[in-house]
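Participant:
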Amino acid sequence: RLRADTEVIGARVEGGRLTGIRVPGEVLDADVVVNAAGPWAGEVSARLGAPVAVRPRRGEVLVTTPMPGVVRHKVYDADYVGAVGTGSGDLQTSAVVESTRGGTVLIGSSRRRVGFDDAIRPEVLGAIAAKAVRLFPALADAAVMRAYGGFRPYVDDHLPVLGEDPRLGNLWHATGHEGAGIGLSVGTARLLRELLTGDEPSMPVEEFTVDRPAVVA
């Protein structure tokens, strides 16, 4: 049963094992709990009594009016690798440009750690646009019809958090993919199913364990 708009406010723990989730007005019984809350995974895990160091990392995207044929392939600049891999909380920008089927052009990207501050900053959009124009000068006269932003689940060592929490039985985590979560969702679900059922994982998962320094330090 899907419960939308239901806040996790705490845990019911019995004998060192998580047996239920406290939500407003009731406790939901649970044999297994999977924390897949993305950028909110750190906050949810803290409320359950087993905090993991997953923090939000803000990003923004510009969307132009339709410009069919101007951008034919997704293109990154060299700054993208450095921006993804840095541990700095300061603003990092790189050019990531791609078109949609409708002809609009998506222009990114930015990374900065500002908590859950969701304000759109003009200076951030300007920095993104300037780098995109260096790749595609034709974008200099493009009309931007909107901009939006969101949060990525960030871990200091840039690796996902996947597996059972050794501090609290029945609690599992599947988070920390940063900007690759949607693309890796099916593979993550497969690995999680294998781990939960005791099957041999289809790939090594040792680097993703919960008890590594970047996650529980």
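Every letter in the sequence shown is one number past the one before it in our numbering, and letter 160, counting from 1, is 1065. Backbone N, C-alpha and C define an ideal beta-carbon position, used for all residues, glycine too.
(1) Please determine, among G974, D1061 and G987, the residue with the shortest C-alpha to C-alpha distance to R1006.
(2) As a quick exercise: from I926, E965 and L1089, pick the residue whose alpha carbon is nearest that of G915.
(3) For a test of the three-state rule: what should DSSP assign to R1039, helix, strand or coil?
(4) Can you list, in chain order, the residues of its chain with a C-beta nearer than 6 Å to that of V1029? Leave out the 5 residues immediately preceding and following it.
(5) Please state if the CB of T1080 and the CB of P1106 are separated by a distance shorter than 7 Å.
(6) Does the region 956-972 come close enough to the region 985-992 to have 3 or more Cβ pairs within less than 8 Å?
(7) When the Cα of H1063 is compared with those of G954, P961, V938 and D934, which residue comes out closest?
(8) Using 8 Å as the cut-off, can you tell me whether the region 1017-1037 makes contact with the region 992-1005, which would need three or more C-beta pairs spanning the two stretches below that distance?
(9) In angstroms with no decimal places, state the Cα-to-Cα distance between D934 and M1108.
(10) Any idea if I1012 is buried or exposed, counting beta-carbon neighbours within 10 angstroms, 16 or more meaning buried?
(11) Using only the alpha-carbon positions, how far apart do V1010 and A942 sit?
(12) Express the C-alpha separation of L1076 and R1051 in angstroms, rounding to a whole number.
(13) R922 and G1074: beta carbons closer than 7 Å?
(14) Using a Cβ-Cβ cutoff of less than 6 Å, which residues in the same chain neighbour D1116 once the five nearest sequence positions on both sides are dropped?
(15) Please confirm whether V1002 and V1038 have their CB atoms less than 7 Å apart.
(16) I'd like to confirm the pairing. Which residues does DSSP put opposite R1117 in its beta bridges?
(17) Rounding to the nearest angstrom, what Cα-Cα distance links E1111 and A1048 in this structure?
(18) Which whole runs of the alpha helix (DSSP H) in the region 996-1046 are 4 residues long or more, in chain order?
(19) V957 and G947 - do their beta-carbons sit closer together than 7 Å?
(20) Over what stretch of residues does the alpha helix (DSSP H) that includes R952 continue unbroken?
Facilitator: Based on what the coordinates show:
(1) Along the sequence shown, one-based indexing puts residue 1006 at 101. For the residues G974, D1061 and G987, the minimum Cα distance to R1006 belongs to G974.
(2) In the sequence shown, counting from the first residue as 1, residue 915 sits at position 10. Checked all of I926, E965 and L1089; the closest Cα to G915 is I926.
(3) Residue 1039 sits at position 134 when you count from the first residue of the sequence shown. In the structure shown, R1039 sits in a helix (DSSP, three-state: H, G or I).
(4) As a position in the sequence shown, residue 1029 is number 124, starting the count at 1. E965 and S1015.
(5) Here residue 1106 refers to the residue found at position 201 when the sequence shown is read from its first residue. Here residue 1080 refers to the residue found at position 175 when the sequence shown is read from its first residue. Their beta carbons are not under 7 Å apart, which means P1106 does not touch T1080 by this criterion.
(6) no
(7) As a first step, residue 1063 must be located in the sequence shown, where it is residue number 158. Closest by alpha carbon: P961.
(8) yes
(9) Numbered from 1 along the sequence shown, position 29 holds the residue referred to as residue 934. Numbered from 1 along the sequence shown, position 203 holds the residue referred to as residue 1108. The straight-line gap from Cα to Cα measures roughly 31 Å.
(10) Along the sequence shown, one-based indexing puts residue 1012 at 107. By the neighbour-count rule (16 or more Cβ atoms within 10 Å), I1012 is buried.
(11) Position 105 of the sequence shown, counted from the start, is the residue given in the question as residue 1010. Position 37 of the sequence shown, counted from the start, is the residue given in the question as residue 942. About 29 Å.
(12) Counting from 1 along the sequence shown, the entry for residue 1051 is found at position 146. Counting from 1 along the sequence shown, the entry for residue 1076 is found at position 171. Near 40 Å, if we compare the C-alpha coordinates of L1076 and R1051.
(13) Position 17 of the sequence shown, counting from 1, holds the residue named residue 922. Position 169 of the sequence shown, counting from 1, holds the residue named residue 1074. Yes, the Cβ-Cβ distance between R922 and G1074 is below 7 Å.
(14) Your numbering for residue 1116 matches position 211 in the sequence shown. If we look at D1116 and ignore the five residues flanking it on each side, its Cβ neighbours are P1071.
(15) Residue numbering aside, residue 1002 sits at position 97 when the sequence shown is read from its first letter. Residue numbering aside, residue 1038 sits at position 133 when the sequence shown is read from its first letter. Against a cut-off of 7 Å, the Cβ pair of V1038 and V1002 comes out as no contact.
(16) In the sequence shown, counting from the first residue as 1, residue 1117 sits at position 212. DSSP, once it has assigned bridges, lists no residue as partnering R1117.
(17) Within the sequence shown, numbered from 1, the residue matching residue 1111 stands at position 206. Within the sequence shown, numbered from 1, the residue matching residue 1048 stands at position 143. Rounded to the nearest angstrom, the two C-alpha atoms are 47 Å apart.
(18) 1027-1040
(19) Taking the sequence shown and counting its residues from 1, one reaches residue 947 at position 42. Taking the sequence shown and counting its residues from 1, one reaches residue 957 at position 52. Cβ atoms of G947 and V957: closer than 7 Å.
(20) Translated into positions along the sequence shown, residue 952 becomes position 47. Where R952 is concerned, the enclosing alpha helix (DSSP H) stretches over A946 to L953.
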